[in-house]
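Engineer:
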Amino acid sequence: MSDNLSLIKIISKDFDIQNEFTENQLHQAMVDAFAYLVDHDFPKLIQILYKADVDQYKLKELLENTEGLSSAEVIANAYISRQKAKVETWKKYSL
Numbered sequence: 001m002s003d004n005l006s007l008i009k010i011i012s013k014d015f016d017i018q019n020e021f022t023e024n025q026l027h028q029a030m031v032d033a034f035a036y037l038v039d040h041d042f043p044k045l046i047q048i049l050y051k052a053d054v055d056q057y058k059l060k061e062l063l064e065n066t067e068g069l070s071s072a073e074v075i076a077n078a079y080i081s082r083q084k085a086k087v088e089t090w091k092k093y094s095l
């Protein structure tokens with residue numbers, strides 16, 4: 001299974017996304033989803049980040065120190081990065 005499909009499989013546990021997304025489309029979908037959650041369902045946002053094991057201290061630092069990106073973009077980048085790390089770990093230990 002390709003890394004992008006593995007990534008989509010993990011993310012689809014938290015979000016309703018299509019399997020045909022390119023990496024750029026997936027990123028934009030995550031930015032849009034996190035923008036919605038920031039504005040409309042903050043408890044769900046926290047739940048998703050906790051479940052994904054996104055480091056809260058690192059995320060807080062990124063939100064405070066990243067310029068030129070919206071909060072949703074920073075959160076999406078952190079979330080996707082964490083999910084990619086999981087894919088890499090699974091690949092490493094599934095051989």
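So for the sequence shown, the UniProt record's numbering puts the first residue at 1; every next one is plus one.
Even for Gly, the Cβ is constructed at its ideal location relative to N, Cα and C.
1. Express the C-alpha separation of Y36 and F42 in angstroms, rounding to a whole number.
2. Are L62 and A72 close, meaning C-beta to C-beta below 8 angstroms?
3. How many whole angstroms separate the CB atoms of I10 and F21, which I take to be in contact at a CB cut-off of 8 angstroms?
4. Does the beta carbon of L69 fall short of 7 angstroms from some heavy atom of the ligand SAM?
5. Using 8 angstroms as the threshold, is the C-beta distance between M30 and A76 below it?
6. For Q83, which residues of its own chain have a beta-carbon under 8 angstroms away from its beta-carbon, when the five flanking residues on both sides are left out?
7. Are V54 and L45 touching if we call contact CB-CB under 8 angstroms?
8. Looking only at C-alpha atoms, which of S81, D32, D3, N24 sits nearest to D16?
Structural biologist: Based on what the coordinates show:
1. In the sequence shown, residue 42 corresponds to position 42, counting from 1. In the sequence shown, residue 36 corresponds to position 36, counting from 1. Whole-angstrom Cα-Cα distance: 9 angstroms.
2. Your numbering for residue 62 matches position 62 in the sequence shown. Your numbering for residue 72 matches position 72 in the sequence shown. No.
3. Taking the sequence shown and counting its residues from 1, the one referred to as residue 10 is at position 10. Taking the sequence shown and counting its residues from 1, the one referred to as residue 21 is at position 21. That pair is no contact at about 13 angstroms.
4. This structure lacks the ligand SAM; in fact it carries no ligand of any kind.
5. Taking the first residue of the sequence shown as position 1, residue 30 is located at position 30. Taking the first residue of the sequence shown as position 1, residue 76 is located at position 76. Yes.
6. What you label residue 83 is simply residue 83 of the sequence shown in a count that begins at 1. Excluding residues within five positions, the ones whose Cβ falls inside 8 angstroms are L7, I10, I11, A52.
7. As a first step, residue 54 must be located in the sequence shown, where it is residue number 54. As a first step, residue 45 must be located in the sequence shown, where it is residue number 45. Their beta carbons are not under 8 angstroms apart, which means V54 does not touch L45 by this criterion.
8. Taking the sequence shown and counting its residues from 1, one reaches residue 16 at position 16. The candidate whose alpha carbon is nearest that of D16 is D32.
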